[in-house]
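Residue numbers (our numbering): 30 to 278.
Heads up, the beta-carbon is just placed ideally off N, CA and C, and yes, glycines get one too.
Predicted, not measured: the structure shown is a model, and the values here were computed from it.
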Amino acid sequence: MTDIEIGQVGWGDLRASLAAGWRDFRAAPLYGLLFSGVYVAGGWLILWAMTAKGQLWWTLPASAGFPILGPFIACGFYEISRRLEQAEPLTWRGVAGVIFRQKDRQIPSIAAVIVVFFLFWNFLAHMIFALFLGTMSMTNISSSLEVFTTVQGMTMLAVGSGVGAVFATLLYALTVVSLPLLLDREVDFVTAMLTSFALVQANPLVMLVWGGLIAISLFAAMLPWFLGLFVVLPVLGHATWHLYRRALV
């Protein structure tokens, strides 16, 4: 990390990054709508599996696809912002080519780390569930929701939420700027993740607020049948690129 200087990030940087993200989305909306459509379609698939078919087991493999595809789709947003920033031609072939080339670089390693986090958290969540509710009788989760209003159920939700928050915060700290860094510079994924973590350590309050803003925005965007993701995802993706450019020299 010797050639990467970690700067100070202030509230003005967050506002400027969001404004730049909105500007980039307006400059190239079709790209953002296409890349976001992958997530919206995945959300519809999971919702359909849970409601129409009642097959909860579908959610695990469907959800596992997001950590794998996510970094590559994010690179699409970053590449668009990079090209707009450098006044380079913006073409489907050019952007898709950059995304495709990431398979031979460091992005797959980041995706593997995210998948490991996802699988370990899924395993830990099952362990927490079994620890608190394993001895209680229920038909299934969807038809026995009252079990969560018991003391054991509420304790399980509290512990699970706390542990999940720790996992989410750690993963966020390791990846918040590591992905745009890997797209922009020739560094290994370990260096990128350590740099990202160091940035959060150097600017804890501002970066945690940024993470909270991302989480709240994505949650709100998913409420109307995931349709809000068509706008929120590209704006946040472009904004992350601009925050990276402001944070690292």
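- Query: Considering Arg-55, what are the terminal residues of the alpha helix (DSSP H) in which it resides?
  - Reply: 40 to 56
- Task: Could you check what DSSP says for Ile-75 in three-state terms: helix, strand or coil?
- Result: helix
- Message: Can you give me the C-alpha to C-alpha distance between Glu-108 and Ile-139, rounded to a whole angstrom?
- Response: 17 Å
- Query: How would you write the range of the alpha helix (DSSP H) that Leu-199 sits in, first residue to last?
  - Reply: 180 to 204
- Task: Evaluate Ala-70 with the Cβ neighbour count: other Cβ atoms within 10 Å of its Cβ, from every protein chain shown; 16 or more gives buried, anything less gives exposed.
- Result: exposed
- Which ranges would you report for the alpha helix (DSSP H) in the region 137 to 164 if only whole runs of at least 4 residues count? none
- Measure the CB-CB distance between Gly-50 and Leu-265 and report whether it falls below 9 Å. Yes; because the gap between Cβ atoms is below 9 Å, this pair is in contact.
- Ignore the nearest five residues each way along the sequence and tell me which others in Val-145's own chain have a CB closer than 6 Å to its CB. none
- Trp-121 classed as buried or exposed, judged by whether at least 16 other C-beta atoms fall within 10 angstroms: With fewer than 16 other Cβ atoms from the protein chains shown falling within 10 Å of its own Cβ, Trp-121 counts as exposed.
- Query: Does DSSP classify Thr-168 as helix, strand or coil?
  - Reply: Its pLDDT being 49, under 50, Thr-168 is placed unreliably by the model, and nothing is read from it.
- Outcome for Met-236 when other beta-carbon atoms lying within 10 angstroms are tallied against a minimum of 16: buried
- Under the DSSP definition of a beta bridge, which residues are partnered with Ile-35? Leu-277
- CB-CB length for Thr-204 against Ser-190, believed under 8 Å: No, Thr-204 and Ser-190 are not in contact; Cβ-Cβ is about 21 Å, not under 8 Å.
- Item | Which listed residue (Gly-41, Val-142, Arg-111, Trp-40) has its alpha carbon closest to that of Ala-56 | Arg-111
- Message: Output needed for Ala-250: all residues of its chain with C-beta closer than 6 Å, excluding positions within five of it in sequence on either side, in chain order.
- Response: Gly-257, Leu-258, Val-261
- Per DSSP, what kind of secondary structure is Leu-62 in: helix, strand or coil? If DSSP states are grouped into helix, strand and coil, Leu-62 belongs with the helices.
- Task: From the DSSP output, in three-state form, read off Asp-133 for me.
- Result: helix
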